[in-house]
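Numbering (this note's numbering), first residue to last: 48 to 330.
The beta-carbon is built from N, C-alpha and C at its ideal position, and this holds for glycine as well.
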């Protein structure tokens with residue numbers, strides 16, 4: 048049975064929270080189909096995710112009104128998400144298309160519950176690929192001179208398209224601090240996990256020269272601190288002495304695609320909650 052809503056709760060940990068929340072949900076004739084919780088001993092904060100089904104005619108607004116007394120009594124930070132409405136996502140890409148292609152396929156096969164509003168790129172390599180899927184493509188070339196101008200256009204597009212999530216699918220331009228702050232919590236990035244050891248151009252070549260034994264990827268929320276936002280998920284694949292640079296690159300791209308799609312799915316299903324610079328990820 049698919050859930051109608053997801054309720055996310057953060058508060059100071061205390062007795063009676065779970066019982067009060069469950070009773071409020073039951074009083075609305077709703078049913079809990081999935082529940083996860085975590086108490087952080089270091090901070091004393093309590094995190095909870097509840098997926099629920101509701102009677103026909105129930106709305107997000109009606110649930111919020113009925114739940115408000117409990118939220119007020121326990122001083123909850125909370126949000127209810129309607130799973131019947133797909134989140135709207137913009138995908139940004141540069142010249143490497145492996146993550147883009149994976150996201151397009153998973154969306155087309157309904158493995159990712161999102162609506163792609165557009166593909167945006169500073170190159171034109173993937174215009175035909177996007178248009179083949181019937182998705183609008185926007186070319187925004189970036190230079191040091193026009194960076195702020197192009198970011199202003201990008202932000203306008205986000206607003207015009209009612210974008211909920213921006214996915215950096217190997218988009219190789221650094222977003223400005225100002226843009227990161229305006230889109231806080233709404234941008235997911237993917238990068239290889241050789242950082243900070245192998246920065247700059249050709250990290251796989253440098254890793255090969257050092258004889259690394261694994262390649263990996265990290266998906267995280269974007270913040271003004273470059274590649275240091277809260278981590279959503281990571282993964283690795285093993286390599287050995289017989290693997291060439293091309294083998295490392297191929298494995299790295301496969302890992303990046305897999306990790307990014309996993310992070311996007313977790314976000315779309317509202318399974319990620321921020322705990323300072325760390326994340327709580329309910330699976």
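Rounded separation between residue 117 and residue 69 - CA only: 10 Å
Same chain, Cβ closer than 8 Å to residue 181, five either side skipped, listed in chain order: none
Expected contact under 8 Å - CB spacing of residue 99 and residue 80 to nearest Å: 7 Å
Assumed close pair residue 189, residue 169 - CB separation to whole angstroms, cut-off 8 Å: 5 Å
Which of helix, strand or coil DSSP assigns to residue 273: coil
Residue 103 versus residue 109 - alpha carbon distance: 12 Å
Residue 148 - partner residues in DSSP beta bridges: None; residue 148 has no bridge partner.
Status (buried if at least 16 other CB within 10 Å, exposed otherwise) for residue 221: exposed
Among 57, 135 and 90, nearest to residue 316 - alpha-carbon criterion: 135
Residue 94 versus residue 84: straight-line alpha-carbon distance, rounded: 6 Å
Rounded Cβ spacing between residue 276 and residue 270 (contact assumed at less than 8 Å): 4 Å
Buried versus exposed call for residue 285 [16 or more other C-beta atoms within 10 Å across all chains shown]: exposed
Opening and closing residue of the beta strand (DSSP E) in which residue 59 lies: 52-59
Reference residue 279; option with closest CA among 91, 322 and 260: 322
DSSP state of residue 70 mapped onto helix, strand, coil: helix
Test item: CB-CB of residue 183 and residue 164 under 9 Å: yes
Three-state class that DSSP yields for residue 110 in the structure shown: helix
Coarse secondary structure for residue 168, derived from DSSP in three states: strand
Own chain residues within Cβ distance below 6 Å of residue 309, not counting five before or after: 280
For residue 326: DSSP bridge partner residues: 321
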